[in-house]
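Participant:
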Amino acid sequence: MGSFSDFKEMVKKKGKGTAEYGNVNGTPVLLSRGVREEFLAEDKVQKIIALVTKFQKGDFGTAEEFGKVGKPGHEYGRYDAAEFDETEEDTGVWVHRAEDSIIVYFAFER
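Residue numbers (the working numbering): 315 to 424.
Right, dumping it as structure tokens:
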């Protein structure tokens, strides 16, 4: 576990943006800079694949509790997958279906 605020600062210094990860169950998946830093650098990519699979099956985690209710083809999911020190900030990983792809990101990256 580390400090979420330190993590946010590091991501902001490197610059925001998404990059294509590949396909999960046939759907293109884009990962934000923060998600790439947290999960690919630590070789935790299986967590991301599991989240995207849950999302594709209609399990949207805690998104509604955080005020995001999607509509068909434009859904949101939120999952507590990252391991940061406890904070008041939203450290959840968000998943969003946009058109024909899925975007995975942290709230501060939107």
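All residues carry an ideal CB built from backbone N, CA and C; glycine is no exception.
Report the rounded CA-to-CA distance for K368 versus K327, giving the unit in angstroms.
Facilitator: The sequence position of residue 368 within the sequence shown is 54, counting from 1. The sequence position of residue 327 within the sequence shown is 13, counting from 1. Near 31 angstroms, if we compare the C-alpha coordinates of K327 and K368.
Participant: Would you kindly work out how many angstroms separate the C-alpha atoms of E397 and E356, rounded to a whole number?
Facilitator: Position 83 of the sequence shown, counting from 1, holds the residue named residue 397. Position 42 of the sequence shown, counting from 1, holds the residue named residue 356. Those two C-alpha atoms are separated by around 11 angstroms.
Participant: Is the distance from the Cβ of K371 to the Cβ of A395 below 8 angstroms?
Facilitator: Indexing the sequence shown from 1 puts residue 371 at position 57. Indexing the sequence shown from 1 puts residue 395 at position 81. Not in contact: K371 and A395 (Cβ atoms no closer than 8 angstroms).
Participant: Counting only the same chain and skipping the five closest in sequence on each side, list residues whose C-beta sits under 7 angstroms from that of E323.
Facilitator: Reading the sequence shown from its first residue, position 9 is the one you call residue 323. Correct list: empty, nothing qualifies.
Participant: What residue ranges within the segment 329–397 form continuous alpha helix (DSSP H) runs of no fewer than 4 residues, ordered along the chain?
Facilitator: Counting only runs of 4 or more, we get 359–370.
Participant: I'd like to check one pair, L344 with R351: are the Cβ atoms closer than 8 angstroms?
Facilitator: Start at 1 with the first residue of the sequence shown, and residue 351 comes out as number 37. Start at 1 with the first residue of the sequence shown, and residue 344 comes out as number 30. Note that residue 351 is Glu in the sequence shown here, rather than Arg. It is not a contact, given that the beta carbons lie outside the stated cut-off.
Participant: Which partner residues of F422 appear in the DSSP bridge assignment?
Facilitator: Working through the sequence shown from its first residue, we reach residue 422 at position 108. Answer by DSSP bridge pairing: none, since F422 is not bridged.
Participant: According to DSSP, which residues form a beta bridge with G316?
Facilitator: As a position in the sequence shown, residue 316 is number 2, starting the count at 1. In the DSSP output, where bridge partners are listed per residue, G316 has F398.
Participant: Straight-line CA distance for E423 to G348?
Facilitator: For the purposes of this step, residue 423 is taken as residue 109 along the sequence shown, with counting starting at 1. For the purposes of this step, residue 348 is taken as residue 34 along the sequence shown, with counting starting at 1. Distance between the alpha carbons of E423 and G348: 8 angstroms.
Participant: I believe V409 touches L365 by the beta-carbon criterion, under 8 angstroms. Please report the beta-carbon distance rounded to the nearest angstrom.
Facilitator: Within the sequence shown, numbered from 1, the residue matching residue 409 stands at position 95. Within the sequence shown, numbered from 1, the residue matching residue 365 stands at position 51. Their Cβ separation, rounded to whole angstroms, is 6 angstroms, which keeps V409 and L365 in contact under 8 angstroms.
Participant: Run through the DSSP bridge pairs and tell me what K325 is partnered with.
Facilitator: In the sequence shown, counting from the first residue as 1, residue 325 sits at position 11. The identity of residue 325 in the sequence shown is Val, whereas the question assumes Lys. BP columns for V325 are empty, so no partner.
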